Each structure stands twice: as structure tokens, then as C-alpha cells.
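Since the structure comes first, as C-alpha cells, the remarks are kept for the end.
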Amino acid sequence: MQYVVIIGAKSLIAQSTALYYAQAGFGIIACARDTQAIALWATDMAIRNSVDVVLESFDVEALESHATWWQNLSGRYDIAGVITVAGFMPSQAQAQEDWSLVQRAIVVNYMGLVSLLNHVANSFEARKEGFIVGVSSVAGNRGRKTNYLYGSAKAGFSAYLSGLRNRLSASGVHVLTVLPGFVYTPMTQGLALPKALTAHPDEVGAAIYRAQQKGCNILYVRSVWRIIMLIIAHIPETIFKRMSL
Amino acid sequence: MHIESWGRYPIVDAKVESVSTLEVLQEVMQEMPRPMIAYGNGRSYGDSALGAHIIDMRKMNKFLAFDAQEGTITCQSGVLLSEILDVAVPQGWFLRVTPGTKHITVGGAIASDVHGKNHHVEGCFSQSVVSMRIMHPDGRIDSTHAGEELFHATCGGMGLTGVIVDATLSLKKIASSTIEQTTIKSPNLRETFDAFEATAHMPYSVAWIDCLAKGEAMGRSLLMVGDFAKEGSLDYTPKASWQFPLTLPSWVLNGWSVRLFNMLYYAKAPRGTSHQSTSIDSFFYPLDSIGAWNRIYGRNGFTQYQFILPKATSYEGLSAILNAIAKSGKGSFLAVLKLYGKANENYLSFPIEGYSLALDFKIEPTLWALLDTLDALVAHYGGRIYLAKDVRVSQAHFEAGYEHIDTFRAYRHREKLENTFASLQSQRVGI
Ligand SMILES: Cc1cc2nc3c(=O)[nH]c(=O)nc-3n(C[C@H](O)[C@H](O)[C@H](O)COP(=O)(O)OP(=O)(O)OC[C@H]3O[C@@H](n4cnc5c(N)ncnc54)[C@H](O)[C@@H]3O)c2cc1C
Numbered sequence: 663m664q665y666v667v668i669i670g671a672k673s674l675i676a677q678s679t680a681l682y683y684a685q686a687g688f689g690i691i692a693c694a695r696d697t698q699a700i701a702l703w704a705t706d707m708a709i710r711n712s713v714d715v716v717l718e719s720f721d722v723e724a725l726e727s728h729a730t731w732w733q734n735l736s737g738r739y740d741i742a743g744v745i746t747v748a749g750f751m752p753s754q755a756q757a758q759e760d761w762s763l764v765q766r767a768i769v770v771n772y773m774g775l776v777s778l779l780n781h782v783a784n785s786f787e788a789r790k791e792g793f794i795v796g797v798s799s800v801a802g803n804r805g806r807k808t809n810y811l812y813g814s815a816k817a818g819f820s821a822y823l824s825g826l827r828n829r830l831s832a833s834g835v836h837v838l839t840v841l842p843g844f845v846y847t848p849m850t851q852g853l854a855l856p857k858a859l860t861a862h863p864d865e866v867g868a869a870i871y872r873a874q875q876k877g878c879n880i881l882y883v884r885s886v887w888r889i890i891m892l893i894i895a896h897i898p899e900t901i902f903k904r905m906s907l
Numbered sequence: 040m041h042i043e044s045w046g047r048y049p050i051v052d053a054k055v056e057s058v059s060t061l062e063v064l065q066e067v068m069q070e071m072p073r074p075m076i077a078y079g080n081g082r083s084y085g086d087s088a089l090g091a092h093i094i095d096m097r098k099m100n101k102f103l104a105f106d107a108q109e110g111t112i113t114c115q116s117g118v119l120l121s122e123i124l125d126v127a128v129p130q131g132w133f134l135r136v137t138p139g140t141k142h143i144t145v146g147g148a149i150a151s152d153v154h155g156k157n158h159h160v161e162g163c164f165s166q167s168v169v170s171m172r173i174m175h176p177d178g179r180i181d182s183t184h185a186g187e188e189l190f191h192a193t194c195g196g197m198g199l200t201g202v203i204v205d206a207t208l209s210l211k212k213i214a215s216s217t218i219e220q221t222t223i224k225s226p227n228l229r230e231t232f233d234a235f236e237a238t239a240h241m242p243y244s245v246a247w248i249d250c251l252a253k254g255e256a257m258g259r260s261l262l263m264v265g266d267f268a269k270e271g272s273l274d275y276t277p278k279a280s281w282q283f284p285l286t287l288p289s290w291v292l293n294g295w296s297v298r299l300f301n302m303l304y305y306a307k308a309p310r311g312t313s314h315q316s317t318s319i320d321s322f323f324y325p326l327d328s329i330g331a332w333n334r335i336y337g338r339n340g341f342t343q344y345q346f347i348l349p350k351a352t353s354y355e356g357l358s359a360i361l362n363a364i365a366k367s368g369k370g371s372f373l374a375v376l377k378l379y380g381k382a383n384e385n386y387l388s389f390p391i392e393g394y395s396l397a398l399d400f401k402i403e404p405t406l407w408a409l410l411d412t413l414d415a416l417v418a419h420y421g422g423r424i425y426l427a428k429d430v431r432v433s434q435a436h437f438e439a440g441y442e443h444i445d446t447f448r449a450y451r452h453r454e455k456l457e458n459t460f461a462s463l464q465s466q467r468v469g470i
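Those protein sequences? They're chains R and L, same order as listed.
In terms of this note's numbering, the first sequence is residues 663 to 907.
In terms of this note's numbering, the second sequence is residues 40 to 470.
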């Protein structure tokens, strides 16, 4: 059985994505800091789809553990690809006052993932196959005063994925950047989200699976976001700096 | 929030809390105003799952374990039987007991201790339950199995003993997902009975009976018996169901249209005995292929009247009851007759050894008097009414049929459950 590794498997987006791979017959290696919290979900998915679902405890923030962790894992399983869904979004206002939140956002959204994916990239490049899916954010496309501490970490991650795609295309390893836009999740609960711009986690999972299978490079889950971000990217900085977005 | 069951009558305004995990259930159970009642997939016909405070169990639907070697499956109580089939059939397993719809939850199957076409062989659903766990009103959880009081009170206990949280079921090995079916056409009730007795060795049997036929033809029926094929493929891709698109005006179904349907249905079957190969879905769940078919009965809803008579009085009793129905002209599309095996030890399970008849009626003001007449006949012949289908039986007629009702009441009293769990139905029939 070929396996897909999911980093941040506690999130609804991760679980919905995993389901599409399980339905297609892939085994799932579900990685989270607290695997206890996803044990029921994992067993249920394994039984419903007759696939293997393995729980691996993994801490994005424990950078020094990543090398051996990956070596170990890739030695034990035939891994088709790695999908990272891990993310941490502090409130902008709190983060401005509390450095520990900023640091955590940088580590979870950027440093930790780069640390892990460097190892993954090296193995996949060497064997000349595999895929990497990184769930980044439209918040990384342009920094806004309401969310730039989170956004700048995501910007770094998006740039990293783009570079990785460039490097690995020569060896047939596919890298997909996912920009979900707004999604109904516990992270966005309580925010008043515009309906037309907000996707359901299930929709995101389906879109990720399809885009990865087709070999897309950048996925906007709802295509209006591509247009919105295009417009936002083209607003001259002299105007943008005075706007409230 | 407005909520109803399969009969679409009554519609009640209730506080409904949907739960998806044990922890949430624990909280809800302690905070919910009393009395409360669990709600599965709302496939009971009447008011068994209705009340002012409802715990919706459908989202507590995780599979917990599946042993494809031994054929046991453990799941939370909100899992639907259809979901079990999706997992089990391709691996050569089937439910030991299944009712005529697969759209019910495991919790609902246990609480009504449902039965199927093989009752004379396998008994009720509870007889396939290896063990189960029940949450008490204070959030405590107990595990129980056959032989224990909690088990025999809960199976058939209509949600009145606690909330079933999960269960381990023993499955039945099958070699194929094809059913070999034989249809036997009988011209009257006597021959229908004879056909049941003659086919008692077949694992599955049920008869459709023309409840509007009078005189000589009274009790004419099509008896369908069958078993899984001995070999073949285990393919199981349920076909998409066709949704009944609208609620029909309630005058569409009247004595004449039902009589016509019954005549054609009977006439279309070949004379004597015929054989067919068929699928799990068309053999066990013919009605599930039309989604929302309960809407054909119109806005006022409908009910099903199901009773069972001991074998000794079955012939005489059924003749009297079929006569009363034919005379009233209030018929039913699909009246279902079946021979049952021995009763089990649960306090309130419906089946006893004998014949059961189930009939659908649309709700109309003149219906209640007919059903009261039938109640009196059922009581006279020593029979009982099935709570899973009921929406109107009186306390006196209910009690008359259930000899262990006092054991059940005593259990509820001792465990202080009387004011904790109640449905509109339990309040009406005084349990
Ligand atoms: C088309 C059709 C065909 C049918 N055929 C048959 C048949 O052949 N044989 C048969 O026996 N029945 C049959 N039934 C009846 C049906 O199987 C039962 O009414 C069954 O209990 C419905 O289950 P549900 O999950 O929909 O539960 P609901 O209707 O929601 O609830 C039914 C009862 O179960 C209790 N309950 C539900 N979940 C729990 C729980 N987790 N813990 C404790 N109590 C709970 C409720 O309080 C209520 O008393 C049929 C129904 C339909 C609509």
C-alpha cells in the first residue's frame, strides 16, 4: 500500500483531504502532536475505506527531531507524498503585544515546515518521484495591517514552496501550493465570513485531491480568490498603505 | 425546532441537541431539561423518539473496530445499518438481523429490538449484540451483555433506560451478495399460512397480503422466501435512490386507488411458484429505493398499524381483523404478514411466536375508530401492538399485550428513570 503523510491531521481540512486519499485506496499516515485526539477519527476512516491509517506523533515546533523522524518514517513506509496542513493564526492585536505568539506563528507556519520539507525534498529528489502539498494562505500574498504577523510567515512559506517547485520540477517531483481563502473551521469560528468567499472543509479536501492528481501548481479553492488577490496585488503601495482591509 | 418521525405525524416543537462525541453527550445529558429522549434516524413511525427535549444521536457515528476474520463490528450508536453494509458486505459479512429499511441507526435498532424476515431463525436485533455501552443520566457509562438486567431492559426499551453509546455486533457470513428468491402466490389466508409453515426452513420469508380482498379471496398473498446464493460476487454498490418529489394531496390515496394497486400487484405475479435472483437492496429494502416515500400519504401524515397474535389464535384472529379492515374500505398498499419464531427475554420486545400483520394508513379523522376496533380484536386474541410503529394506542390496550410490563416499570422506578427519560409515546402508554 502506498501512503500519504498528512502533517497537522487534527484540522478539518486535513481530515477531509485524508478522506479523499483513503477513498482512492491510499494508506494514511496521520501526524499530529496529540494523536490521542484523532484516534477515533483514524479508526473510523480506516474501517470505512478498508485502508491502513497510521497515527504518528509529530511536533512541527520540535525542529531538531525532524531529520530522524523523517528518516524513520520513510524507512518504514512506501510514501507517495506529503501534505502539510499545520498552521497557527494568533490574533494580530495580541501578537503585536506578545512576542511568543509571533514566534510560534513563524515556527509553525514557516520554520518548522521548511525544516521538515527540506528532508522530504531531498528524499523525493533522490528517488525522482513523490509529491508535496503545502497549505499556505492568501494572507501571505500581501501584508495587511489586520493580519501581517501571521501573513508574513505564510508569505515565507509560499515563497519557499515556489522555490521548491522550481528546484524539484527537474526530478519529476510535484509541488502544489494551496491557498484556501476563508474556510469554516474552528480557527475562523466567530468571524463574520462572506458566504461566497468561504469554503467548507470538505470542499477544500476535494479540491486539494483533484489539484494534486492533476498536477496543478497553485490552487485557489474558490476561484474568485484568484481574481481578488490579483486585484489586491496590483493596488499601488501608495494607495494600499492607506487602506483598511 | 420542529421535528417529526417517519409517519410525519405528529410534528412537535422541541429543544434538540445534536451530539457527536461521548464528552459532548455527557455534558448534554446532565444539562438537558427533564424528561429527555434519544432520537436516532427518525424511522420509527410514531412518537417513540419525540418529546420536548431530544438528544439527536445521528452524528455520533464512528466505527470503532471491525474484525473481518471473526465477523464482529463495533460502532457508535448513530451509525446507520446502511453504513455497516457498505463496510461489511464487500468483505463477506451481513447483518444477522435487519428490518425492512437500512436507514436506521444501531441505537434505534437496539431500542426497538427490531426484527427482519428471518425472525423465525435469528430472532431480534439484540440477539446479534455481543455487548453494548449505555450512558446513564449522570454521565456514567456501563457495559452490558445478554443475561444482565440492564441489557434486557434496554433492548426493546424504547430509549427509556439510558442512551446507548456504542455496541459490538456479531455479523453473518455470506458467500455472495445475490439473493435467490422464490415467490409463492396463495389465493386465500389458509393457503398463505400453509405456505409459511412449509417454508419455515428458509432463512428469509415475508408475505405481502391484499388486505382489501373479501370473501373467498380474503388473505390472498404473495409469499417471498429466499436466501443468499451459495457463491458469487460480493459486489455491493447501492443504487442511487429516487426521491419522491412532492407531498401528494391526501385525497389521491383513497379506497379505490389502493384497491386498484393491490389488484394489479397481485395479478402481476405469476401463478404458483416462481424464482428470481435479486440484490440485497431489492430483497431486503424495496422501499428504500424511493426516498421520502412517506410523502405520498399527503400532508396529514400516516401511520402503520402492526400487531402480532399468538400462533394458536392467529388464523381466527387474522380472519376477523382482515374482515374488519376490508369492511372499512381503508386499505393499505403494502400489508405485510409474517410468521415469527420464539420470543426472547427482553422485557418489551415485540415478537412472540405467531403471525404479525403490518398495515399503513393515511391519517384521517375516521381512522381512529377503525384502529380502536382493531385494538379490541388484537386484545381479544391475546396479541400486542408494536411500539416502533405506534402513535395512538391506549395504555389499556398496550398493557394488555405486554406481560413483562411491570418488570420494566419496576426497573425504571428503582433506577429513578421515570422523570428522566420519556417520549410522548411512553407518557401516553404509561411506561
Ligand atoms: C420503511 C420502514 C420499514 C421498517 N421495517 C421494519 C421491520 O421490518 N422490522 C422492524 O422491527 N422495524 C421496522 N421499521 C421500524 C424501525 O426499524 C424502527 O422504528 C427503528 O427503531 C428506527 O430506528 P431509528 O434509528 O430511525 O430511531 P428513531 O426512530 O429515531 O428512534 C426509535 C426509538 O429508538 C430510541 N433510540 C434511538 N437511538 C437511541 C440511542 N442511541 N439510545 C437509546 N435509545 C435510542 C428512540 O428513543 C426511540 O424510542 C421500519 C421502519 C420503516 C420506516
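Where is the CB? At the ideal position from N, CA and C, for every residue including glycine.
These figures come from a predicted structure and were not determined experimentally.
Asked: Would R73 (chain L) be called buried (16 or more neighbouring beta carbons within 10 Å of its own) or exposed?; Found: exposed
Asked: Please classify D95 (chain L): does DSSP put it in a helix, a strand, or coil?; Found: strand
Asked: Taking only three categories from DSSP, how would you classify S833 (chain R)?; Found: helix
Asked: Would you say T144 (chain L) touches ligand 1, meaning its beta carbon is less than 6 Å from a heavy atom?; Found: yes
Asked: Nearest CA to the CA of S165 (chain L): which residue from L:R179, L:H142, L:G196?; Found: L:G196
Asked: Contact between the segment 246-266 of chain L and the segment 351-362 of chain L is defined here as three or more beta-carbon pairs at a separation below 8 Å; is this criterion met?; Found: yes
Asked: Per DSSP, G4 (chain L) forms a beta bridge with which residues?; Found: Chain L is shown only over 40 to 470; residue 4 (chain L) falls outside these bounds and no answer can be derived.
Asked: Rounded to the nearest angstrom, what separates L456 (chain L) and A206 (chain L) at their Cα positions?; Found: 22 Å
Asked: Can you name the residues of chain R whose CB is closer than 9 Å to the CB of L262 (chain L)?; Found: Ordered by position in chain R, no residue passes the 9 Å Cβ test against L262 (chain L), which lies about 37 Å from the chain.
Asked: Just to check my reading of the structure: M707 (chain R) and A684 (chain R) have Cβ atoms closer than 8 Å, yes? What is that Cβ distance to the nearest angstrom?; Found: 5 Å
Asked: Report yes or no: is there a C-beta of chain L within less than 7 Å of the C-beta of L702 (chain R)?; Found: yes
Asked: Please name the residue in L:A237, L:A268, L:K211, L:G178 whose C-alpha comes closest to that of Q220 (chain L).; Found: L:A268
Asked: Against chain R, does V67 (chain L) count as a neighbour if the rule is that its beta carbon must be under 7 Å from one of theirs?; Found: no
Asked: How big is the Cα-Cα spacing for G117 (chain L) and C250 (chain L)?; Found: 36 Å
Asked: So D233 (chain L) is in the beta strand (DSSP E); what residue range does that whole segment cover?; Found: Segment 228-237 is the alpha helix (DSSP H) holding D233 (chain L); no beta strand (DSSP E) there.
Asked: Counting beta carbon pairs with one atom in the segment 699-718 of chain R and one in the segment 672-690 of chain R, are three or more of them shorter than 8 Å?; Found: yes
Asked: Counting only C-beta atoms, is V126 (chain L) closer than 7 Å to chain B at any point?; Found: Judged by its chain identifiers, the structure shown contains no chain B, and its protein chains are R and L.
Asked: Any C-beta of chain R sitting closer than 7 Å to the C-beta of K101 (chain L)?; Found: yes
Asked: Go through its chain and collect everything with a Cβ distance to F300 (chain L)'s Cβ below 8 Å, but skip five positions before and after it.; Found: F372
Asked: Taking Cβ-Cβ distances shorter than 8 Å, what residues in chain R pair up with F133 (chain L)?; Found: By Cβ distance, chain R contributes nothing, its closest Cβ being about 16 Å from F133 (chain L), past 8 Å.
Asked: Is M96 (chain L) near ligand 1, with its Cβ less than 6 Å from a heavy atom?; Found: yes
Asked: For chain L, check one thing: does any of its Cβ atoms lie closer than 7 Å to the Cβ of D706 (chain R)?; Found: yes
Asked: Kindly list, in the order they appear in chain L, the residues whose Cβ is closer than 9 Å to that of I897 (chain R).; Found: Simply none; closest approach about 43 Å.
Asked: Excluding the 5 residues flanking L285 (chain L) on each side, which residues of the same chain have their C-beta closer than 8 Å to its C-beta?; Found: R334
Asked: Measure from the C-beta of I690 (chain R) to each C-beta in chain L and report whether the shortest distance is under 7 Å.; Found: no
Asked: Looking at chain L, is there any beta carbon in it that lies within less than 7 Å of the beta carbon of I675 (chain R)?; Found: no
Asked: Taking a Cβ distance cut-off of 8 Å, strictly less, list which residues of the segment 877-890 of chain R are near chain L, in chain order.; Found: none
Asked: Which residue or residues does DSSP assign as beta-bridge partners of P349 (chain L)?; Found: L:G393
Asked: How about F267 (chain L): is its C-beta nearer than 7 Å to some C-beta of chain R?; Found: no
Asked: Counting only the same chain and skipping the five closest in sequence on each side, list residues whose C-beta sits under 8 Å from that of I143 (chain L).; Found: G79, N80, R82, L119, L120, V153
Asked: Use the C-beta contact count for P176 (chain L): other C-beta atoms within 10 angstroms, 16 or more gives buried, fewer gives exposed.; Found: buried
Asked: Taking the Cβ atom as the reference point for each residue, do S24 (chain L) and V145 (chain L) lie within a distance shorter than 7 Å?; Found: The question about residue 24 (chain L) has no answer here: the residues shown for chain L are numbered 40 through 470.
Asked: With DSSP as the reference, label F460 (chain L) as helix, strand or coil.; Found: strand
Asked: Say whether the segment 746-756 of chain R touches the segment 807-826 of chain R, bearing in mind that this needs 3 or more beta-carbon pairs closer than 8 Å, one atom from each stretch.; Found: yes
Asked: Say the cut is 6 Å; is the CB of V202 (chain L) nearer than that to a heavy atom of ligand 1?; Found: yes
Asked: My parser needs the alpha helix (DSSP H) runs of 4 or more residues fully inside the segment 775-810 of chain R; what are they?; Found: none
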